[in-house]
Amino acid sequence: MKRRHRIAVVAAFLICAAGAVLGLSALGTASEGPLSTTLGWLGAATGAIEHRIRNRLRGTPRRSMLAWLEPYRTSTERLRKPDVTLLGAFDGGAPRTLDGVLALEARVRAPMALMQVYSAWGDKPEQQFPVSVLTAIEGLGSIPLVTWEPWLTDFESVRHPGIALRDGRDQHGLAAVARGDYDFYIDAWAAQAARFKQPFFVRFAHEMNDPYRYPWGPQNNTKEEYIGAWRHVVDRFRRAGATNVLWVWSPHVAYEYWDLYYPGDAYADWVATGVLNFGPIAQWSRWWSVAEIFGTKYERLASFGKPVMIAEFGSLAVGGDRAAWYRDALASMPVKYPAVRALVFFQTRDDQTVTYQKVDWTFTSDSLVTQAVRESLGWARH
Amino acid sequence: MRPIDRIAIAALAGVGIAGVLRLADWWFRGDHVGQPVLFVLLSLAFWYAVWRIVLGWVNYVALAKPEHRDALPGRSVAIFTTSTPGEPLAMFDRTLEACSRICYPHTTYLLDDTRDPRFRELAERHNAVCLELLDVPGAKAGKINRALAATTEELVLVLDPDHMPFPEFLDRVIGHFDDDRVGFVQVSQAYYNQARSFTAAGAAEQTYAFYGPGQMGLYGHGACVAIGANCTFRRTALETIGGHGIGLAEDLVTAIRLHAAGWKSVYVPEVLSRGLVPEDLGSFYRQQLKWARGVYEVAFTELPRLARTLRWRQRLSYLAIGTYYLFGVTTPLFLIIPYLFLWIGVQPATMRFAEFVTVAAPVGVVGALLYLMMQRWLCDRATERGIHWRGLALKIACWPVFLAGTLLAIVRADVPYIPTAKEAVRGRFLRLAWPQLLLIAVYIVTLARVLAVRISGTGEGSLELSAEAVWGMMAFATLPVIASLGAVYAAWESRRMPASAPWDDIDVATIGGRDA
């Protein structure tokens, strides 16, 4: 071989090798290699194909009954300004099964257009982009809502020398997010979100103004740091082409000054809050109606000019008439609170995030409550 | 062997072992434990398999080939071959003729207890000495010891009666005895009937890697073993251990005792004779049962007794040999796991399949690369190279046999000594294939049930989320079913007897060797 041939061969080899390396690393995420990421998508695709085959064999799949939702489900624009109110649910069976949501909608005879899952930041396989459950929700014809929780301490220091040591990581952790310390994770998640293509909601760092609950609260961060982190995350997603994500800003309205955490019109698509009646089981709580929890804050929430979501909606059984609670809240919802465009039932049997004992938010085993909910949801049937 | 090859093998094995460590670190994470009892069983089965792979690598790293030494004249050599009642005369005709064609001066002895005058006649026609040894306990080895007492030759080649040696056999072997510490010299084994049936092809394939890189690695570790046939012993070596070992694994027992007594062994990786492999599945299973039962004597009796005088590399090699048939215990564990999950939802481990593939892939890739690389050291590359899938299918099919051998060894029960059949024996299909047919039946029923449940018993909200686990397990159950088809075919083929005996078309003058 002549000298220039040799140089050409070597150059071609180097270019191919570099391409292969870059391609492989683009396929994978920081915490997951390219092979496991690909296999994860492959597994989800297998499930989707099986689901489609079964739909052929067995007539009316759920998806066909949600045909009215199709225009919304596939359009980020429509979901930004919806002209209908969407019901949804989080069921404790997720991400293992979504049958609980289907059972709920059968009991109350109203379609759950949104299905919520919770996804934490971290290195573990289950803390990566939840492709299988999102694909499954899509297969059922619903729209995924991911509550995305920045648990910074779930990253191993050894694997990420660029981030602060675990002990001090939560202190001004959101400033580190805004600085780009966690872009390795955000970018990987964003790339897969873009690859998912279908519109879905992301409720990032919710209840950021509650100083007792989550590490991303004001005990560790200033509101400027919070807003900086939010905008940084949204910018990273936009840069990755994940324009199919709808951003849900979700403060805890029981605490003062929550509206100061608003990241700006250009950075939030929806505003949301939780409406959970703990009744008298917690010291700080008593039997509160929806008007008391939510009604007093509604005007301010609606004033942002964004659709409003009640992202966690439910009541415990002890301390009052649960059927009446639901009836009062639901029957008048579209009239009293017209800006509310989504309401997500919180249905889990063993919640211990707030209290020190397990509490049961489900109501489907209580026929009186189920009946009350069913009768109050006339407006939600399509 | 070129240094570059040795470096390449060592480097690959190093990468593989790093992969194994990473795999272990991942495998034994606390949150991977599903059903604890099953997790332990699965881990034992899985890590036994990995351990076998690693042992193979350790063996390959030591790969060595002895330098040829010319056979000096003046050694006295005996060839022992044994005949027992029922063995076909025509086969001995060829074996003894081949012995008479061996160039190096020697005396052939036929150790006979057939009480059939035609054998004596045959021996005399081929210039062999017929030693009639009646009612000797200890089967073949017993007769060898009796014949040793009746003869005086310095070196003794123990030849299986189905093996036809090439004329240069002794010339390739004798020179190694110039080293006074060499107690025995083993040569490769090859066959002339492997094309006659699926079983024969599979059985032969199972031996290729062992008689090539396997024994060469053992030789490198100073532990190449005697294998019943075609082994040449130094008389004084056998005398130091009180004669040839007796029992189902008489060859291995003899080898380990000689090594423990300080004798060296040499492995000549050359095809210097061709013999028979079992042609029908029944005979193959009987041979495998005999071996499985016999080999445990190494692990249970000889190794604990002799370990102190063996070098550590020899200990490791004999441990590897002595535990080979545990495969029969681990295979059913692997077989049953998908069915436990698909029928009652029990899972031994909560691992993500994707992650397992990722972590296990380096080990698999290194294993495959070394497997392919090792093909360069097969004894007869032209006929032996390739993917030995028939051998693998038969090995998987053999698990009930290996399991039986293991259990018999644990309870110290005997398998009657049966010489491996020289001619195909007609077997009944169902008798031979029922374990595989049962597996296939269970598989089909399971598949039908899974399909029924997936079509109408699974909630739509669970369908997609459970697809990966269910179909992954189904795929896991499919692999052994595909493998079992080989054994089913072999059993089907074994229903009819071949029209001719394997040696009918063999001309001793052209069977092989340099002159042919």
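Respectively, the protein sequence lines represent chains A and B. In terms of the numbering used here, the first sequence has 311 at position 300, counting the first letter as 1, and numbering is strictly consecutive. In terms of the numbering used here, the second sequence has 328 at position 326, counting the first letter as 1, and numbering is strictly consecutive. Even glycine gets a Cβ: it sits at the ideal position worked out from N, Cα and C. From a predicted model like this one, the values you see are computed outputs, not experimental measurements.
Distance between A253(A) and A293(A), taken at the CA atoms: about 40 Å.
For the segment 359-379 of chain B, residues whose beta-carbon sits nearer than 8 Å to a beta-carbon of chain A comprise V359, T360 and A363. Beta-bridge analysis with DSSP links P167(B) to S275(B).
V259(A) sits close to F212(A), with the two beta carbons spaced by under 7 Å. Taking 7 Å as the cut-off, the beta carbon of L98(B) is found no closer than this to the beta carbon of A149(B).
A216(A) has its alpha-carbon roughly 12 Å from the corresponding atom of V188(A). Neighbours of A469(B) in chain A, taken as residues at a C-beta separation under 9 Å, are given in chain order as G54, A55, T57, G58, A59, I60, E61, H62, S143 and A147. Counting only Cβ-Cβ distances below 8 Å, W473(B) has contacts in chain A at T57 and E61, in chain order.
Nearest CB-CB separation between T381(A) and chain B: not below the 7 Å threshold. Among the residues of the segment 93-115 of chain A, those with a Cβ less than 9 Å away from any Cβ of chain B are D102, G104, A105, P106, R107, T108, L109, D110, G111, V112, L113 and A114, in the order of the chain.
Among the residues facing chain B, P155(A) is not included, as its CB has no counterpart in that chain under 7 Å away.
L308(B) counts as buried, since no fewer than 16 other beta carbons sit within 10 angstroms of its beta carbon. Around W298(A), the same chain offers G290, G330 and G331 as residues with beta carbons nearer than 6 Å, after the five sequence neighbours per side are excluded. DSSP places G285(A) in the uninterrupted beta strand (DSSP E) bounded by W281 to N288.
For the segment 223-240 of chain B, the set of positions with a beta-carbon nearer than 9 Å to some beta-carbon of chain A is empty. When CB distances to chain B are screened at a threshold of 7 Å, the residues of the segment 124-139 of chain A falling below it are P136, in chain order.
Close to chain B, meaning a Cβ-Cβ distance shorter than 8 Å, are the following residues of the segment 70-85 of chain A: P72 and R73. Collapsing the DSSP output to three states places I508(B) in coil. Looking from the CA of A415(B), the closest CA among P139(B), P364(B), G249(B) and P75(B) belongs to G249(B). E323(A) has G285(A) as its beta-bridge partners, per DSSP.
Bounds of the beta strand (DSSP E) holding M126(A) are L125 to A131.
Interface criterion met: the Cβ of L46(A) is under 7 Å from a Cβ in chain B.
At a Cβ-Cβ threshold of 7 Å, T87(A) and P210(A) count as neighbours. For R103(B), the closest of P167(B), P68(B) and V52(B) by C-alpha to C-alpha distance is P167(B). Counted as a single uninterrupted DSSP element, the alpha helix (DSSP H) harbouring R295(B) occupies residues L283 to E299.
Using a Cβ distance threshold of 7 Å, S78(B) and E155(B) count as a contacting pair.
Of the residues T164(A), T71(A) and S47(A), the one whose Cα lies closest to the Cα of D181(A) is T164(A). Residue E357(B) holds the alpha-carbon nearest to the alpha-carbon of S47(A) among Y373(B), E357(B), A501(B) and A450(B).
According to the DSSP assignment, L379(A) belongs to the alpha helix (DSSP H) that extends over S378 to S387. The alpha-carbon separation between G296(B) and A251(B) amounts to approximately 4 Å. Going by DSSP, S85(B) is part of the beta strand (DSSP E) stretching over V79 to S85. Spatial neighbours of Y266(A) in its own chain (CB-CB distance under 7 Å, excluding positions within 5 residues in sequence) are listed in chain order as N220 and D221. At a cut-off of 7 Å between C-beta atoms, R120(A) does not count as an interface residue with respect to chain B. DSSP places C226(B) in the coil class of the three-state scheme, outside both helix and strand. The C-beta distance from A80(B) to Y111(B) rounds to 6 Å, short enough to meet the 8 Å contact threshold. Against chain A, a Cβ distance below 7 Å from I457(B) picks out R65, L68 and R69.
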